[in-house]
Every structure is written in C-alpha cells, then in structure tokens.
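Here the structure comes first, spelled out in structure tokens, and everything after it is commentary.
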C-alpha cells in the first residue's frame, strides 16, 4: 500500500543510525587522513575556509520550541546550542510566514519581496489556475510519475543563492540539497546546484529532470541508497511508540470542530510522513550524499542543505504542545547527533548553521485553556459575509473574494481578474469591509504596498504589520489583498487534517533560532536580533565569495572562526 515502502525504511534508518554512532569514526579515518593532506581552500584573508557548509533548516522550529526543549537536548541540538553561536532572537522578518517563502530567504540573503517567492502557491488571475512556488512545467520528475507537486525546479526563485555564488568562482565545488519536501531541497540547492533530492512515496529520494537530462544521471548520487531502501525488505512495520517517557504526561483529549482529538503516541491514523521517522530518513539521505559525493573531502568548499520537514508536519497535524511534538523534538535531537558525529570526520572542518523557515503556535483550543483566551479560529462566516455585501453592491454573479497566498484575490466566476475599473472598485470596497471586521488586524492592497519602499528590517522587532507584509509583497504573485488576522487566530481545523497552522506576521510565527557551529566553537549567546537573510552574507564572508546582485541581509561577525570580521566597504 501507500506506506508499505516507507514501513521498510524504518528498520534500515535505525540500523544506519546505530552503525554510524558506533562505527563512523573508524570507517572514515583513512579517508579523513588522505583528504587532510590536500590543501584546504582559502578565504579572502588567506586563512582556511571550511571544507563543508551544512545548512540545516528545521521546518516550523520556532524559537519558542527551541528554547522550550533546550534544557532537555542531549544530542545534536545540545552540541549546537552549547558550543555554537546562538541567536535567541532570530527572525524571518516578513509577514507571510510559510515554508517556501521562508526557505527562500536563508541562502539568498533576500526578503521574499526580492526572492520572488511570497507563498507556497498563488492564484494566477490571468489563467485562473494555481501556481506552485517552484513550478517548472518544462521539467519532469525522476521517479517517472507526475506526483507530489508536479514538475518543479528553481526557476521561480528570482534571487541567486550562496551556492550559486560559490559555483561561479569554484565550479568544482559541489552543492546539494535534501529534504522531506521538494521546496526544502530546491531552495537550498539553488539554481546552479548539483542536485536537490526529496522523499517521495514508494520510491525513495527523487529529483527534477531538466530537458536533455537523464533521470538515471540525476539520481546517481542517491541511487545506491534508493536501491538499499528497496532491497531491505523486513516484516517490521514502522511504529511510533514513546521513546521518551516524559512526553506521555502531555497526553490529552480535545474537541476541534465538533470532533474529538486524542493527543497521544502513536497518533490515531499514524502516518510515516507525520512522524519523526521522516527526518531520520532525510538525515540518512544527507549522510549518503556526503559519502557518495565525498563532500568536504576534495580540497574545495562544498555545500549541503538539509531541510527537515517532520516538525512542520507534526505541528500541523497534532499541534506543538502535546506528546507528539515532545517526541519529535527529542528524536530530532538524537537524529541530528548522528549527523553531527558524521560531520566531525570532515577534514578541514565543517560549519553548520541551523535555523527555521518559520515558527508556529499550538492549536487554539489548547492555547485557550492554557492562559490565552484570545486564541481561536477565524469566523467561518467572515468571508461569505464580505462576499455577500460585495455581490449585492456591484451586482456580481460570483463571489469576488477568494483566499490565496496569505490574503485574497478579486476574481470573476472563472477565478480570473475582474476587468477595470470594476476590479479596483471591488478591491477598495473589499478592503474597507475586511478592515471593519474585528478579527482582521490589517487588510491592505498589494499594489499599495508595492508603491512603498522596502523597509529597512535591521531591527525586525520594530517593523509594523504593514511593513512586514510589504516584505512579502511580490508583483503578479502576491494576492490583491494581503491580510493579517488578529494575534492568536488561525483558520479552521479538521481532526485527521491540519488542526494548527502558521503564516501570520506575529512573532510566534516569525521568531526562529539561528545557530552557527564549527569544530572547536566555544558557545556564545547573542540577544540582539539576527535575521535569516543575514545567514548567506555571513557564510559568504567565511568562504570569500560575494553576492552577484544586491541583497537585503548583512554579514555578521563570527570572531571565533577562520575569518572573524566582516568585510567593510
């Protein structure tokens, strides 16, 4: 069935983790000794640049969650938190805090307004069709089926990435991305990356294939792993039982939209995609790429992006304050320990940066009884109420206000843009009606935002809601109206689907950890704000490359590493 293939993966993933923990140092000692004799690349000041840059993006890892479980970490997250440079006030600075947009900021140094990725998808009002954030209809998928999000590629990403800047001056450098989601892998691999791989059902890791390329060649870096996945038949089905007894205390029963939700492990209708196993498999893929492509072992600087999707899947399905997320945080910590152990074998040193694409909050029913009575769900009748008023006023035969990409578009019955001047008239009336609704904090026209300058976000805490939405506004892609619900409000939930969400301009969705680590680092805390757009220029400084176009972020000093101070112009 749908999950039979992935059931076969659990035992292999766990076996690999155990093997790595016990045998990796010996297994790679000879390789490390040989590679260490190769001259390391040089940064601009003549000091050694890191052999490997590893960018870890944990989908939906809010600063709140990181801090909540920080004292309980014993594995990879403990290493990062204790030894690394930790920014406890990291920010995704923009207002539409979703996965594709957030990932697009990490290695471009660009706000979504510049990266061109305002959301996970958007309605094209010239065709009436939804467009996925990484849609690339000219491509195919390597596993030979038109599944997942269909044909994808990096073309929709307007900005270049750190990997692109590196490849421009060091073509022999290798740049890869791996994730549970296509948008996690592709945004980190960039335009010139050597491969972006993500997990797909009944196959393993797949990728996109451009015209003229062969699927076999594109899959070569992960072909051996995929073959082992298929060949490792076992009767042991994957299960999710408590591996951390303390998480059991968070069990509870909740009523959501008239349905009963039992918050427990294993969850009802257990799915591998919504469990910690997804990240464990992704890290297995990351380690395979390090081995098969000899990343960090060839005398040049290589890059590996690792986007871990399970925290997001679990947050949506079960919320963030139950036993499911407790288990996820602690198992993620263990899985990252396997990756960190592997990175310790890299001659010349690896630098790791860990962050998130956005934050998140718990489902409002639980938040409301835990001291936040303002938490709730958006009134189901709000949008129909606005549409009814607009239809009556303008004599329309279809609802003109349709939800899209963190806001609303003004369309006709075919979901295409209304003709002018009717569109502008309906738009103005809709904004007035929306702003009169108590649950709406702000509704503002995209074109009005685009006419305003992009705000300076160096102090992200000081940005107004309007300025945060401006950083998400992209011509032709963002909705006609960008909107923010009042704090604590989220959309409708369904047990068995999504009961919790994110995407708001409020800090619980914007604040994320930002951690830099390298061998020999000696723990440092920074309380002043840092932005995810500062990551790319900071890393660029370490390896002596420069952006090929203007960016929004700035280099941050990491004085304990090979190149301590940022270049000043």
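Residue numbers (our numbering): 1 to 569.
The beta carbon of each residue, even a glycine, is placed where N, CA and C say it ideally should be.
Task: CA-to-CA distance, residue 160 to residue 239, given in whole angstroms - done: 41 Å
- [ ] State the DSSP-derived secondary structure class of residue 527, mapped to helix, strand or coil.
- [x] coil
Task: Identity of the residues DSSP links to residue 85 by a beta bridge - done: 516 and 524
Task: Reduced DSSP category for residue 33 - H, G, I as helix; E, B as strand; rest coil - done: Confidence is the limiting factor: at residue 33 the pLDDT is only 32, short of 50, which leaves the residue's position unreliable and the question unanswerable from this model.
Task: Nearest-angstrom Cα separation, counted from residue 132 out to residue 146 - done: 14 Å
Open item on the list: Quick check: residue 434 and residue 445, are their CB atoms within less than 8 Å of each other?
Closed with: no
Task: Continuous beta strand (DSSP E) stretch holding residue 260: start and end - done: 259-263
Open item on the list: By the three-class DSSP mapping on this structure, what secondary structure does residue 415 have?
Closed with: coil
Open item on the list: Measuring straight from C-alpha to C-alpha, what distance separates residue 349 and residue 300?
Closed with: 12 Å
Open item on the list: Does the contact criterion of 3 or more C-beta pairs under 8 Å hold for the region 338-355 versus the region 384-399?
Closed with: no
TODO: Could you tell me if residue 268 is buried or exposed, where buried requires 16 or more neighbouring beta carbons within 10 angstroms of its beta carbon?
DONE: exposed
Task: Residue range of the alpha helix (DSSP H) that includes residue 165 - done: 162-169
Task: One or two residues paired with residue 307 in a DSSP bridge - done: 57 and 179
Task: Backbone CA spacing between residue 198 and residue 150 [nearest angstrom] - done: 13 Å
Task: Proximity of residue 337 and residue 75 at Cβ, strictly below 8 Å - done: yes
Open item on the list: Applying the 10 Å Cβ sphere with the 16-neighbour rule, what's the burial state of residue 374?
Closed with: exposed
- [ ] Look up residue 299 in the DSSP assignment and say whether it is helix, strand or coil.
- [x] coil
Open item on the list: If you measure between the beta carbons of residue 359 and residue 97, is that distance less than 8 Å?
Closed with: yes
Task: Distance between beta carbons of residue 500 and residue 315, contact taken as under 8 Å - done: 6 Å
Open item on the list: If you reduce the DSSP assignment to three classes, tell me which class residue 245 lands in.
Closed with: helix
Task: Reference residue 543; option with closest CA among 164, 78, 129 and 155 - done: 164
TODO: Alpha carbon to alpha carbon, how far is residue 298 from residue 125? Give it in angstroms, no decimals.
DONE: 49 Å
Open item on the list: For the alpha helix (DSSP H) containing residue 282, name the first residue and the last one.
Closed with: 277-292
Task: contact_flag[the region 59-72, the region 359-372] where n(CB pairs < 8 Å) is 3 or more - done: yes
- [ ] Go through its chain and collect everything with a Cβ distance to residue 168's Cβ below 7 Å, but skip five positions before and after it.
- [x] 548
- [ ] Please list, in chain order, all residues of the same chain as residue 323 whose beta carbon is under 7 Å from its beta carbon, the five residues on each side excluded.
- [x] 247, 248, 250, 251, 263, 264 and 265
Task: Local Cβ density within 10 Å of residue 118, reported as buried at 16 or more and exposed below that - done: buried
TODO: Please name the residue, chosen from 369, 257 and 166, that lies closest to residue 492 on a Cα-to-Cα basis.
DONE: 257
Task: Whole-angstrom distance between residue 293 and residue 135, CA atom to CA atom - done: 27 Å
Open item on the list: For residue 215, which residues in the same chain have their Cβ closer than 6 Å to its Cβ, ignoring the five residues on either side in sequence?
Closed with: 142 and 209
Open item on the list: If I measure Cβ to Cβ from residue 203 and keep anything under 6 Å in the same chain, skipping five residues before and after, which residues do I get?
Closed with: 143
Open item on the list: Only counting the same chain, and skipping five residues up and downstream in sequence, which positions put a Cβ closer than 6 Å to that of residue 312?
Closed with: 59 and 60
Task: Cβ contact (3+ pairs, closer than 8 Å) linking the region 418-434 and the region 383-394 - done: yes
Open item on the list: Please identify the residue among 82, 490 and 566 whose C-alpha is closest to the C-alpha of residue 367.
Closed with: 490
Open item on the list: Checking 8 Å against the spacing of the C-beta atoms, do residue 307 and residue 103 come in under that value?
Closed with: yes
Task: Per-residue DSSP class, three states only, for residue 483 - done: strand
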